[in-house]
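Novice: Take the sequence shown: its position 137, counted from the start at 1, is 522 in the numbering used here, and no numbers get skipped.
Ideal Cβ placement from N, Cα and C applies to all residues, glycine included.
Since this is a predicted model, take the numbers as computed values, not measurements.
Handing you a structure now.
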Amino acid sequence: AGLAAGAAGFAAGVTGFAAGVAGFPTGVAGFAAGLAGFATGVAGFAAGAADFSAGVAGFAAGVADFSAGVTDFAAGVTDFAAGVGGFAAGVTDFSAGVVGFAAGAAGFAAGVTDFSAGVTDFAAGVTDFSAGVADFSAGVGFSSFAAGVAVFAAGVTG
């Protein structure tokens, strides 16, 4: 009975060995496919590492650009504030100029008035002088101032 059981076990072992031999090429093919997949994964990892490095470099460049932008913005704010101050000073100066122009216009108008009054006074003075000359001539007894001058000159030379 033991011999029969051993024979049956041997037959089963032979069958299992044959199945193992038949499955071995499939295992080899699977192993080869696994190696190829591993190689693809390694290549993908290397490409991902390169992309990550490029991304880190791009991020650093972006941070540098952002910092430069912040600096430029601060300078722009400073320049804008200076421009506002300059504009305010210009408005103040313009206002002062308007006031000064108004005062100058008033002074010019007053000067024109004074000049007109002076012209009037000068004309009155000329009239008075002419009347005085006529009065002098009549008082001296000559028909005109010129006649009196002629008599005076004759007396000086005579």
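(1) In the DSSP assignment, the alpha helix (DSSP H) including Ala538 goes from what residue to what residue?
(2) Can you tell me whether Ala386 is helix, strand or coil according to DSSP?
(3) Just the C-alpha distance for Ala432 and Gly426, rounded to the nearest angstrom, thanks.
(4) Do you know offhand how far Phe395's Cα is from Phe402's?
(5) Measuring only the C-alpha atoms, how far is Gly540 from Val534?
(6) Determine, using beta carbons only, whether Val518 and Phe537 come nearer to each other than 9 Å.
(7) Excluding sequence positions up to five away, which residues of its chain have a Cβ less than 6 Å from the Cβ of Phe493?
(8) Measure the alpha-carbon distance for Asp513 versus Ala523 and round it to whole angstroms.
(9) What's the gap between the Cα of Gly391 and the Cα of Gly405?
Specialist: Walking through what the data contain:
(1) Stepping through the sequence shown from its first residue, residue 538 is reached at position 153. Run containing Ala538: Phe530 to Thr542, per the alpha helix (DSSP H) assignment.
(2) Position 1 of the sequence shown, counted from the start, is the residue given in the question as residue 386. If DSSP states are grouped into helix, strand and coil, Ala386 belongs with coil.
(3) Residue mapping note: residue 432 aligns to position 47 of the sequence shown, counting from 1. Residue mapping note: residue 426 aligns to position 41 of the sequence shown, counting from 1. The straight-line gap from Cα to Cα measures roughly 10 Å.
(4) Taking the sequence shown and counting its residues from 1, one reaches residue 395 at position 10. Taking the sequence shown and counting its residues from 1, one reaches residue 402 at position 17. Phe395 and Phe402 have their C-alpha atoms roughly 10 Å apart.
(5) As a first step, residue 540 is located in the sequence shown; it is residue number 155 there, counting from the start. As a first step, residue 534 is located in the sequence shown; it is residue number 149 there, counting from the start. Here the C-alpha atom of Gly540 lies approximately 10 Å from the C-alpha atom of Val534.
(6) Here residue 518 refers to the residue found at position 133 when the sequence shown is read from its first residue. Here residue 537 refers to the residue found at position 152 when the sequence shown is read from its first residue. Here Val518 is not near Phe537, since their CB atoms are 9 Å or more apart.
(7) Locating residue 493 in the sequence shown gives position 108, counting from the first residue. No residues qualify anywhere along the chain.
(8) Taking the sequence shown and counting its residues from 1, one reaches residue 513 at position 128. Taking the sequence shown and counting its residues from 1, one reaches residue 523 at position 138. Answer to the nearest angstrom: the Cα atoms are 15 Å apart.
(9) On the sequence shown, residue 391 is found 6 positions in, with the first residue counted as 1. On the sequence shown, residue 405 is found 20 positions in, with the first residue counted as 1. Cα to Cα, the separation comes out at about 20 Å.
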